[in-house]
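Residue numbers (the numbering used here), protein chains in the order written: chain A, 39 to 257; chain B, 67 to 287.
Glycine included, each C-beta is placed from N, C-alpha and C at the ideal position.
Just so we're clear, the structure is a prediction, and the values are computed from it rather than from any experiment.
Working notes for the structure below.
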Amino acid sequence: MTFDWSVVWQHRDALMAATGTTILLTFATMAIAVPCGIMVAALRLYAWKPVRALATSYVELFRNLPLILVVYWAFYVLPIMTGLGLSPLATGLAALVLNVTAYNAETFRAGINSIRRGQVEAAMALGMSRLQALRRVVLPQALRRIMPVLASTWVSLFKDTSLVSVIAVTELAYVAMQIRAQTFRVLEMLTAMAAIYWLLGYPQAKLVDWMQRRFAVTE
Amino acid sequence: MDFDFSVITDHLSFLGSGIAITLLLSVLSGTTSLIAGFFVALFRLYGPRWLKPLVVLYIDSMRAIPVLVVLVWTFFALPIIAGVTMSPFMAALIGLTVHLAAYAAEIVRAGVESVRPGQSRAALALGMSRAQIVRRIVMPQALVRMLPAFGSLLSITIKDTAIASVIAVLELMRQSETLAGQSFQPIEVFSFAMLVYFLMLFPVTRGVDMFYRRVAHLGRS
């Protein structure tokens with residue numbers, strides 16, 4: 039067995055660019071999925087009943103589907119349904135957003151529900167409106183509790199971006215496997231791919247642990 | 067747009083074999099990762115001191131690397147080092163177990179640590195051995211408290227088996243994609259796959275939650 043690790047160094051530019059795409063996908067997805075998640079959570083909690091049911095169905099459906107199926111679905115079905123020719127990157131982003139929004143919505147809903155009703159009642163007894171009570175009493179506490187959950191969703195999302203490689207989005211997993219196919223340096227490229235994910239993901243996982251300690255719930 | 071669901075009924079056995087493999091892989095990898103996770107957690111909690119950093123490194127690494135990468139590495143790279151050939155199913159089972167055992171270990175650890183240390187000290191004072199304490203005091207309470215987390219781990223397991231399609235395991239995701247490509251009817255095929263996955267996953271999460279509510283009092287102390 040002889041290994042030739044120089045192949046990794048030779049393709050460093052492609053790998054760097056692909057890593058950039060992976061990070062970009064993570065940021066872009068979260069940037070869209072947080073406001074969308076808040077909106078869906080609000081619909082689930084306060085909207086007109088049929089809308090509430092619709093929001094609940096959406097959340098339950100996407101939390102109970104494998105992401106890779108959603109990615110394939112977006113790739114094959116979105117162009118037919120919308121008539122748009124989306125790029126693989128946009129398609130992958132759409133699939134990730136659909137998935138993460140459902141998780142975020144559930145997180146926000148649970149966070150808001152975790153604040154005891156008595157607090158809202160007390161705030162209203164002091165003369166606050168319902169909206170004021172939500173904004174000034176519930177959300178500041180809920181957000182604190184939500185932070186660690188959002189952080190671990192972030193790490194999952196970072197890892198899940200690898201799944202859009204199946205529709206040829208040129209992120210890290212796809213590019214590494216392309217180079218593997220061209221150079222036949224299977225072990226070297228796959229190990230390099232794992233190493234890059236590890237280098238990026240390990241600090242994030244540690245950060246989540248820290249946040250869970252830092253934002254531990256005490257009432 | 068009109069839909070023609072005969073593509074599903076015409077290929078029921080093709081899709082059915084995919085469903086069977088998905089279920090088989092889910093049950094097998096769920097079981098193996100649970101057992102492996104238990105041992106990993108016990109090593110982390112009670113093992114020799116030199117082993118602990120290694121166990122922590124393994125767990126945190128698995129939390130940092132995507133399943134896809136673990137599966138692809140196990141299927142394509144591991145045989146080169148180990149000099150063995152593996153079927154895709156075997157590789158998926160090994161890859162999923164290695165990945166999910168880390169999560170299972172974290173659940174077990176959290177469950178064990180949720181039992182107040184005062185109870186172990188009290189048991190020690192009563193003259194119980196370490197093994198007795200784990201078996202008779204800690205685990206009976208911890209196991210019940212781990213249930214909801216194991217429920218979501220099981221649903222993650224089922225979802226992760228879909229990623230095994232990338233290394234050509236002929237499970238539901240793979241069969242659906244093949245059929246969608248050949249029949250040019252992706253909407254019907256993927257809708258069917260979504261329905262099947264939802265029907266597999268939804269009862270798992272709900273069922274475990276319901277079961278937990280019935281036994282939750284056993285975990286209180």
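When the Cα atoms are used, what is the spatial distance from residue i to residue j?
i: Leu-265/B; j: Ala-259/B; result: 10 Å
i: Ile-106/A; j: Ala-228/B; result: 7 Å
i: Ile-147/B; j: Trp-43/A; result: 15 Å
i: Leu-245/B; j: Glu-254/B; result: 10 Å
i: Val-138/A; j: Phe-105/B; result: 32 Å
i: Ala-170/B; j: Phe-216/B; result: 7 Å
i: Tyr-112/B; j: Lys-244/A; result: 22 Å
i: Asn-151/A; j: Val-210/B; result: 24 Å
i: Val-204/A; j: Tyr-124/B; result: 27 Å
i: Met-77/A; j: Ala-143/A; result: 8 Å
i: Thr-229/A; j: Ala-143/B; result: 8 Å
i: Gly-82/B; j: Gly-184/B; result: 52 Å
i: Ala-191/B; j: Ile-203/B; result: 13 Å
i: Trp-47/A; j: Ala-211/A; result: 17 Å
i: Tyr-240/A; j: Val-158/A; result: 40 Å
i: Arg-88/B; j: Arg-187/B; result: A quick correction: the sequence has Thr, not Arg, at residue 88/B. Approximately 45 Å between the Cα atoms of the pair.
i: Trp-236/A; j: Ala-163/A; result: 52 Å
i: Arg-175/B; j: Ala-107/B; result: 6 Å
i: Leu-131/A; j: Ala-66/A; result: 8 Å
i: Gly-71/B; j: Ala-189/A; result: It is Phe, not Gly, that sits at residue 71/B in the sequence shown. Approximately 41 Å, taken between the alpha carbons.
i: Val-181/B; j: Val-200/B; result: 11 Å
i: Lys-87/A; j: Val-270/B; result: 27 Å
i: Thr-94/A; j: Arg-82/A; result: 6 Å
i: Pro-73/A; j: Ala-140/A; result: 11 Å
i: Ser-92/B; j: Leu-267/B; result: 11 Å
i: Met-227/A; j: Val-45/A; result: 8 Å
i: Leu-195/A; j: Val-202/A; result: 11 Å
i: Ser-249/B; j: Leu-122/A; result: 22 Å
i: Leu-219/B; j: Asp-247/A; result: 19 Å
i: Leu-116/A; j: Met-231/A; result: 30 Å
i: Pro-206/B; j: Gly-285/B; result: 7 Å
Could you give the residue range of the alpha helix (DSSP H) that holds residue i?
i: Arg-279/B; result: 252–281
i: Glu-209/A; result: From DSSP, Glu-209/A is part of no alpha helix (DSSP H); its letter is neither H nor E.
i: Trp-329/A; result: Outside the shown range of chain A, which is 39 to 257, sits residue 329/A, and nothing can be said about it.
i: Val-200/B; result: It is not in any alpha helix (DSSP H) - Val-200/B carries neither H nor E in the DSSP assignment.
i: Phe-105/B; result: 78–112
i: Trp-192/A; result: 177–198
i: Thr-57/A; result: 50–84
i: Trp-139/B; result: Unbroken run through Trp-139/B: none, as it is neither H nor E.
i: Phe-146/A; result: 126–151
i: Leu-166/B; result: 154–179
i: Ala-254/A; result: Per DSSP, Ala-254/A belongs to no alpha helix (DSSP H) and is neither H nor E.
i: Met-162/A; result: 155–163
Is residue i near the ligand NAD, going by C-beta to nearest heavy atom under 7 Å?
i: Ser-125/A; result: Only the bare structure without any ligand can be found here, which leaves the ligand NAD out of the picture.
So is residue i buried or exposed if we call it buried at 16+ other beta carbons inside 10 Å?
i: Ser-99/B; result: buried
i: Ser-79/B; result: exposed
i: Lys-225/B; result: buried
i: Thr-75/B; result: exposed
i: Val-32/A; result: Within the shown structure, residues of chain A are numbered from 39 to 257, placing residue 32/A beyond reach of any answer.
i: Ser-200/A; result: buried
i: Lys-197/A; result: buried
i: Gln-251/B; result: buried
i: Gln-170/A; result: exposed
i: Trp-111/A; result: buried
i: Met-54/A; result: exposed
i: Gln-198/B; result: exposed
i: Asp-51/A; result: exposed
i: Tyr-263/B; result: buried
So with CB distances below 8 Å, who are the chain A contacts of residue i?
i: Phe-268/B; result: Glu-98, Asn-102
i: Gly-246/B; result: Gly is not the amino acid found at residue 246/B; the sequence shown has Ala there. Ordered by position in chain A, the residues that pass the 8 Å Cβ test against Ala-246/B are Tyr-110, Tyr-114.
i: Phe-256/B; result: Leu-107, Tyr-110, Trp-111, Tyr-114, Val-115
i: Met-276/B; result: By Cβ distance, chain A contributes nothing, its closest Cβ being about 15 Å from Met-276/B, past 8 Å.
For residue i, return the contacting residues in chain A, with the cut-off set at a CB-CB distance below 9 Å.
i: Met-260/B; result: Leu-99, Leu-103, Leu-107, Val-108, Trp-111
i: Phe-155/B; result: The contacting residues do not exist; Phe-155/B stays about 17 Å from chain A at best.
In chain B, what lies closer than 8 Å to residue i by C-beta?
i: Gln-242/A; result: Ala-130
Please list, in chain order, the chain A residues whose beta carbon lies closer than 7 Å to that of residue i.
i: Glu-243/B; result: Tyr-110
Residues of chain B with a CB under 9 Å from the CB of residue i: which are they?
i: Val-193/A; result: Arg-129, Ala-130
Whose Cβ in chain B lies nearer than 7 Å to the Cβ of residue i?
i: Trp-236/A; result: Ser-127, Ala-130, Ile-131
i: Ala-232/A; result: Ile-131, Val-135, Trp-139
i: Ser-200/A; result: Pro-132, Leu-134, Val-135
i: Gly-298/A; result: This structure gives no information on residue 298/A, because the portion of chain A shown stretches from 39 to 257.
i: Val-224/A; result: Phe-142, Ala-143, Ile-146
i: Val-204/A; result: Val-232
Residues of chain D with CB under 8 Å from residue i, in chain order?
i: Tyr-112/B; result: In the displayed structure, chain D is absent; the protein chains listed are A and B.
Contact set between the stretch 116–144 of chain B and chain A, restricted to residues whose Cβ is under 7 Å from the partner: Under the 7 Å Cβ criterion, the stretch 116–144 of chain B contributes Asp-126, Ser-127, Arg-129, Ala-130, Ile-131, Pro-132, Leu-134, Val-135, Val-138, Trp-139, Phe-142, Ala-143.
Residues from the stretch 193–216 of chain B in contact with chain A, defined by Cβ distance under 7 Å: Of all residues in the stretch 193–216 of chain B, none is placed with a Cβ closer than 7 Å to any Cβ belonging to chain A.
Residues from the stretch 159–191 of chain B in contact with chain A, defined by Cβ distance under 8 Å: Flagged: no residues at all.
Interface residues of the stretch 118–137 of chain A facing chain B [CB-CB below 9 Å]: Answer set for the stretch 118–137 of chain A: Ile-118, Met-119.
Under 8 Å (Cβ pairs) to chain A, residues found in the stretch 70–92 of chain B: Of all residues in the stretch 70–92 of chain B, none comes within less than 8 Å of chain A when Cβ atoms are compared.
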